[in-house]
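S.K.: Number 533 in the numbering used here belongs to position 124 of the sequence shown; there are no gaps in the numbering. Just so you know, even glycine gets a beta-carbon here, dropped at the ideal spot from N, CA and C.
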Amino acid sequence: MARHRVTAPRESWPCVLRAHFDELGLSPAQDKRLGAALGRWVLCAEDPFDVTPAGMEAACTGLSESRRKSVEAAMRQVLGLLFPDRAAALQVTRARRPKAARNSRGDLAAHLTRHLPRFAAAWQAKAVPLLHIDPDGLQDGLLVQAWKPATITRRIETMGRYFDVCRAQDLSLDVTSAGVRTYLAHLQAGGARPATAYIDLIGLHALARVIFPERNWTWLVKTQHRMKKLSEASPSRNAGRALPVDEIRMFGLEIFAEADRAFDAARTPRDFTKAHTLARTGLAIIILAEAPMRIGSLASVELGENLLASLAALRVDGVETKTGDPDTRVFSAECVRCLGAYIARHRAAVVKPGETRLFVGFDGCAIVGSTLSNGIGRLTEERLGKRMTAHPFRHAAGNFIVASVPEEAALATVILGHRSRAITGQYTRMADQFSASRTYAQSTGNAAAQVEANTQIFRTRRRRKKRVPKQKTRAM
Numbered sequence: 410m411a412r413h414r415v416t417a418p419r420e421s422w423p424c425v426l427r428a429h430f431d432e433l434g435l436s437p438a439q440d441k442r443l444g445a446a447l448g449r450w451v452l453c454a455e456d457p458f459d460v461t462p463a464g465m466e467a468a469c470t471g472l473s474e475s476r477r478k479s480v481e482a483a484m485r486q487v488l489g490l491l492f493p494d495r496a497a498a499l500q501v502t503r504a505r506r507p508k509a510a511r512n513s514r515g516d517l518a519a520h521l522t523r524h525l526p527r528f529a530a531a532w533q534a535k536a537v538p539l540l541h542i543d544p545d546g547l548q549d550g551l552l553v554q555a556w557k558p559a560t561i562t563r564r565i566e567t568m569g570r571y572f573d574v575c576r577a578q579d580l581s582l583d584v585t586s587a588g589v590r591t592y593l594a595h596l597q598a599g600g601a602r603p604a605t606a607y608i609d610l611i612g613l614h615a616l617a618r619v620i621f622p623e624r625n626w627t628w629l630v631k632t633q634h635r636m637k638k639l640s641e642a643s644p645s646r647n648a649g650r651a652l653p654v655d656e657i658r659m660f661g662l663e664i665f666a667e668a669d670r671a672f673d674a675a676r677t678p679r680d681f682t683k684a685h686t687l688a689r690t691g692l693a694i695i696i697l698a699e700a701p702m703r704i705g706s707l708a709s710v711e712l713g714e715n716l717l718a719s720l721a722a723l724r725v726d727g728v729e730t731k732t733g734d735p736d737t738r739v740f741s742a743e744c745v746r747c748l749g750a751y752i753a754r755h756r757a758a759v760v761k762p763g764e765t766r767l768f769v770g771f772d773g774c775a776i777v778g779s780t781l782s783n784g785i786g787r788l789t790e791e792r793l794g795k796r797m798t799a800h801p802f803r804h805a806a807g808n809f810i811v812a813s814v815p816e817e818a819a820l821a822t823v824i825l826g827h828r829s830r831a832i833t834g835q836y837t838r839m840a841d842q843f844s845a846s847r848t849y850a851q852s853t854g855n856a857a858a859q860v861e862a863n864t865q866i867f868r869t870r871r872r873r874k875k876r877v878p879k880q881k882t883r884a885m
């Protein structure tokens with residue numbers, strides 16, 4: 410009895426399909442696996458050139474569950490290679506797990522149960538009534554009513570860490586000047602920045618004056634003010650991560666060119682996904698370097714609504730800005746070219762039908778700003794040795810304004826989209842210092858030129874001539 414044929418022989422394939430399949434250059438194992446899947450498609454499909462998810466599902470009808478998964482995967486892979494424009498439509502649509510509704514009050518109660526035992530006994534006894542959480546919400550403690558859950562969580566953790574350090578150093582379990590000095594030394598030894606220590610001191614003082622209002626906490630306020638001066642004198646973490654904006658823009662263009670080469674060499678869906686991730690990160694770097702917007706606003710960009718048809722400008726809705734006003738950003742010709750290539754090639758290879766967001770993930774669905782920012786951070790840390798997430802781009806843009814046109818430093822409020830001019834003070838102060846330094850150098854140079862004085866800090870020493878010893882003459 411003849412064996413039932415589940416795949417068409419290669420001789421019966423359409424000439425075009427057979428020629429394209431032979432040009433893929435697959436390994437012997439892949440040639441056998443994908444060839445069997447393509448033969449089944451040719452055998453079962455009414456029109457081998459009409460590639461649809463329904464047709465692929467019909468071609469796998471009658472197979473066992475385990476066999477069906479492997480055949481579908483191979484058929485999806487080979488059809489995606491032969492018909493790249495249909496690769497995205499053949500991707501499996503995964504049902505997302507519904508997120509359970511979070512109970513913020515329940516989470517806060519569980520957090521207090523874990524961290525309050527770290528307090529000293531006297532402090533814990535006084536803090537429990539203030540942090541009482543009533544199930545009905547009618548008789549909550551004073552701090553639960555006055556502070557946000559995130560504020561309570563942060564300050565309770567800070568106080569718990571403080572008492573842990575006191576226990577480890579055999580100090581009295583109380584908030585004293587000796588304990589605070591030890592805690593600050595512990596933070597410094599751990600590599601914490603002055604701004605971190607300042608935030609911890611704020612939490613300690615806020616919680617201490619509420620739990621023991623009868624005590625005098627003036628010494629802690631003075632310590633807090635001194636730490637504030639130190640934190641203002643040291644650069645922030647994000648400012649320290651900032652690179653020159655022109656260099657980071659060139660880096661983004663290089664990454665996008667690398668993604669284009671990876672897309673041209675891609676053969677499997679995984680290769681197309683890797684190329685898309687690289688192109689998405691490179692494009693985000695280019696856009697943030699030219700238009701330093703907030704990462705949430707960038708992730709929410711939609712095709713048609715925010716991007717103009719020419720791709721030369723981007724419009725951000727007022728709900729996505731802190732000022733509440735819509736914002737429009739104009740792109741360079743290179744950025745427009747990368748945008749067009751990303752939409753037409755990389756995004757089209759993975760996007761799910763009906764998705765309107767510009768930036769999508771490996772599953773073809775929209776991504777949030779944190780995912781985009783983490784991708785930028787991982788890539789810059791791997792290639793440049795410095796983890797530059799989305800926010801340092803704003804510092805880089807502000808530094809570029811100060812270095813280029815310090816007299817226009819106030820423009821950082823508009824370019825960076827700050828809510829008020831008070832936040833732009835760091836850039837105006839830097840610009841004043843830069844202008845004063847430049848004016849001082851210019852006036853010093855003019856005065857030195859008038860009196861013909863040499864104002865070089867490091868002067869070159871003239872090489873002394875070698876002493877020639879005098880020849881002694883013999884007395885006659």
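#1: Can you grab the Cα-Cα spacing for the pair F665 / I694, in whole Å?
#2: Is it true that the region 600-608 meets the region 540-558, where meeting means three or more beta-carbon pairs spaced less than 8 Å apart?
#3: Output the distance between the C-alpha atoms of V630 and M636, rounded to the nearest integer angstrom.
#4: Hey, quick one: how far does the alpha helix (DSSP H) through H595 stretch, first residue to last?
#5: Quick check: the Cα distance between L687 and E790, rounded to an integer number of angstroms?
#6: Under the assumption that M568 contacts L539 (Cβ atoms under 8 Å), give the Cβ distance between them as a whole number of angstroms.
#7: In terms of alpha-carbon separation, which member of E481, L767, A534 and A530 lies closest to E711?
#8: When DSSP labels each residue in this structure, what does M410 get in the three-state scheme?
#9: Report the residue from R792, P701, K478 and R477 whose alpha carbon sits nearest the alpha carbon of E667.
#10: Between which two residues does the alpha helix (DSSP H) carrying R576 extend?
#11: My output table needs one value for T737: the three-state DSSP class, helix, strand or coil.
#12: Is it buried or exposed for G773, if we count other Cβ within 10 angstroms and need 16 for buried?
#13: In angstroms, rounded to a whole number, what distance separates the CA positions of T416 and R476?
#14: Less than 8 Å between the beta carbons of A753 and F740, yes or no?
#15: Between which two residues does the alpha helix (DSSP H) harbouring I888 extend?
#16: Given that a residue counts as buried once 16 or more other Cβ atoms are within 10 Å of its Cβ, and exposed if not, what is T682?
#17: Verify whether the separation of the beta carbon atoms of L433 and L490 is less than 8 Å.
#18: Residues in its own chain within less than 7 Å of L593 by CB, not counting five upstream and five downstream?
#19: Terminal residues of the continuous alpha helix (DSSP H) containing E420?
#20: Exposed or buried, which one is Q486 when buried takes at least 16 other CB atoms within 10 Å?
#21: Considering just the uninterrupted stretch of the alpha helix (DSSP H) at P678, what are its terminal residues?
M.R.: According to the structure shown:
#1: 10 Å
#2: No: the two stretches stay apart, fewer than three of their Cβ pairs being nearer than 8 Å.
#3: If I take the Cα positions, the gap works out to 10 Å.
#4: S586 to A598
#5: The alpha-carbon separation between L687 and E790 amounts to approximately 14 Å.
#6: Not confirmed; about 12 Å, so no contact.
#7: L767
#8: With a pLDDT of 36 at M410, under the threshold of 50, the modelled position of that residue is not reliable, and no figure is offered here.
#9: R792
#10: Bounds of the alpha helix (DSSP H) holding R576 are P558 to A577.
#11: strand
#12: buried
#13: 14 Å
#14: no
#15: Because the chain is modelled from 410 through 885, residue 888 falls outside the range shown and cannot be assessed.
#16: Sixteen is the threshold: when 16 or more other Cβ atoms of the shown chains lie within 10 Å of the Cβ of T682, as they do, the residue is buried.
#17: yes
#18: A606
#19: From DSSP, E420 is part of no alpha helix (DSSP H); its letter is neither H nor E.
#20: Counting the other Cβ atoms within 10 Å of the Cβ of Q486 gives 16 or more, which makes it buried.
#21: Residues P678 to E699.
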